[in-house]
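Here the structure comes first, spelled out in structure tokens, and everything after it is commentary.
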Amino acid sequence: MQRRDAMVNELKHHLRKAQHRIKQFTDKHRTDREFSVGDWVWLKLQPYRKKTVSQRSNQKLAAKWFGPFQILMKIGKVAYKLRLPEDAQIHNVFHVSQLKAFRGILPDVPSVPAWLRGKEATTIIEPQAILQRRVVKSQNMAKVQYLVQWNGFPASEASWEYADDFESKFPSFVIQT
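Following this note's numbering, the numbering of the sequence shown begins with 1 at its first residue and continues without gaps.
Rendered as structure tokens:
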């Protein structure tokens with residue numbers, strides 16, 4: 001029985017050491033951020049919130065920070081309530097890790113993605129035209145992509161979409177390239 005207790009104590013000791021090491025490593029990269037009511041901050045939206053209306057498969061080049069927004073109140077130790085546009089389709093309380101202090105001159109209008117506002121948040125954008133076609137190598141295979149211009153958007157906002165994905169999302173669209 002004593003041997004088992006000694007073994008349990010040794011395991012607990014090693015677990016505490018491992019937890020302490022993990023905490024030290026994590027704390028090296030963590031910054032304590034605190035904001036005051038009235039401060040202006042940038043808001044980082046999670047990838048699942050950043051999906052564009054055209055449902056891009058790659059979010060690598062999508063905007064990461066939006067705003068700036070003013071802090072209305074502090075909720076608890078690590079959450080803040082922000083003044084979002086009235087037609088924003090998301091909750092207005094965010095964890096401090098999703099906020100970054102704004103520095104500089106305030107813009108007249110905060111940058112808020114169109115898909116996050118009002119009715120547009122549920123609107124499905126339809127393709128208007130296919131501007132180009134190209135073949136790209138993906139996972140060691142040749143795949144076709146279309147440069148799609150979307151209804152209500154200029155040609156400069158066109159996006160490359162994989163043909164397979166595009167044809168499954170818009171089966172009734174007539175493809176002329």
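Just so it is clear, CB atoms sit at the ideal spot from N, CA and C, and this is done for glycine as well.
Next on the checklist: So, does the region 140-160 touch the region 93-108, judging by three or more C-beta pairs under 8 Å?
Outcome noted: no
Item to check | Terminal residues of the beta strand (DSSP E) in which Ser168 lies | outcome: Here residue 168 refers to the residue found at position 168 when the sequence shown is read from its first residue. That residue, Ser168, is in no beta strand (DSSP E); its alpha helix (DSSP H) goes 163-169.
Checklist entry - Under the rule that 16 or more other beta-carbon atoms within 10 Å means buried, what is Ala158, buried or exposed? => result Taking the first residue of the sequence shown as position 1, residue 158 is located at position 158. Answer is buried; the Cβ neighbour count reaches 16.
Item to check | Distance between Asp39 and Pro85 (C-alpha atoms, nearest Å) | outcome: As a first step, residue 85 is located in the sequence shown; it is residue number 85 there, counting from the start. As a first step, residue 39 is located in the sequence shown; it is residue number 39 there, counting from the start. If you take the alpha carbons of Pro85 and Asp39, they lie about 16 Å apart.
Checklist entry - Alpha carbon to alpha carbon, what distance is there between Ala163 and Ala88? => result Taking the first residue of the sequence shown as position 1, residue 88 is located at position 88. Taking the first residue of the sequence shown as position 1, residue 163 is located at position 163. Going from the Cα of Ala88 to the Cα of Ala163 covers about 32 Å.
Next on the checklist: Rounding to the nearest angstrom, what Cα-Cα distance links Gln24 and Phe173 in this structure?
Outcome noted: One-based indexing of the sequence shown puts residue 24 at position 24. One-based indexing of the sequence shown puts residue 173 at position 173. Computed Cα separation, rounded: 55 Å.
Checklist entry - If you draw a straight line from the C-alpha of Lys44 to the C-alpha of Phe66, how long is it? => result As a first step, residue 44 must be located in the sequence shown, where it is residue number 44. As a first step, residue 66 must be located in the sequence shown, where it is residue number 66. Between Lys44 and Phe66, the C-alpha separation is close to 6 Å.
Checklist entry - Who are the Cβ neighbours of Lys51 in its own chain at under 6 Å, not counting the five residues just before and after it? => result Along the sequence shown, read from residue 1 onward, the residue named residue 51 stands at position 51. Confidence in Lys51 is poor, its pLDDT being 45 and thus under 50, which makes the residue's placement too unreliable to answer from.
Next on the checklist: Please report the distance separating the alpha-carbon of Tyr80 from that of Val93.
Outcome noted: Numbered from its first residue, the sequence shown carries residue 80 at position 80. Numbered from its first residue, the sequence shown carries residue 93 at position 93. Using only the alpha carbons, I get a separation of about 5 Å.
Item to check | Which listed residue (Arg30, Pro127, Ser168) has its alpha carbon closest to that of Trp150 | outcome: What you label residue 150 is simply residue 150 of the sequence shown in a count that begins at 1. Nearest option by C-alpha distance: Pro127.
Checklist entry - When burial is assigned at 16 or more other CB atoms within 10 Å of the CB, is Pro154 buried or exposed? => result Numbered from its first residue, the sequence shown carries residue 154 at position 154. Flag for Pro154 reads exposed.
Checklist entry - Does the Cβ-Cβ distance between Val41 and Pro68 come in under 8 Å? => result Your numbering for residue 41 matches position 41 in the sequence shown. Your numbering for residue 68 matches position 68 in the sequence shown. Yes, Cβ-Cβ distance for Val41 and Pro68 is below 8 Å.
Checklist entry - With a Cβ-Cβ cutoff of 8 Å, do Ile130 and Gln176 count as a contact? => result The sequence position of residue 130 within the sequence shown is 130, counting from 1. The sequence position of residue 176 within the sequence shown is 176, counting from 1. Taking 8 Å as the Cβ cut-off, Ile130 and Gln176 qualify as a contacting pair.
Checklist entry - In the DSSP assignment, what are the bridge partners of Ser159? => result Here residue 159 refers to the residue found at position 159 when the sequence shown is read from its first residue. Paired residues: Val148.
Next on the checklist: Helix, strand or coil, according to DSSP, for Phe173 in the structure here?
Outcome noted: The residue you call residue 173 lines up with position 173 of the sequence shown. Here Phe173 sits in coil by DSSP.
Checklist entry - Is it the case that the Cβ atoms of Arg83 and Gln98 are separated by a distance below 8 Å? => result For the purposes of this step, residue 83 is taken as the residue at position 83 of the sequence shown. For the purposes of this step, residue 98 is taken as the residue at position 98 of the sequence shown. Contact: no.
Checklist entry - According to the neighbour-count rule (16 or more other Cβ atoms, all chains shown, within 10 Å of its Cβ), is Glu161 buried or exposed? => result Start at 1 with the first residue of the sequence shown, and residue 161 comes out as number 161. Glu161 comes out buried.
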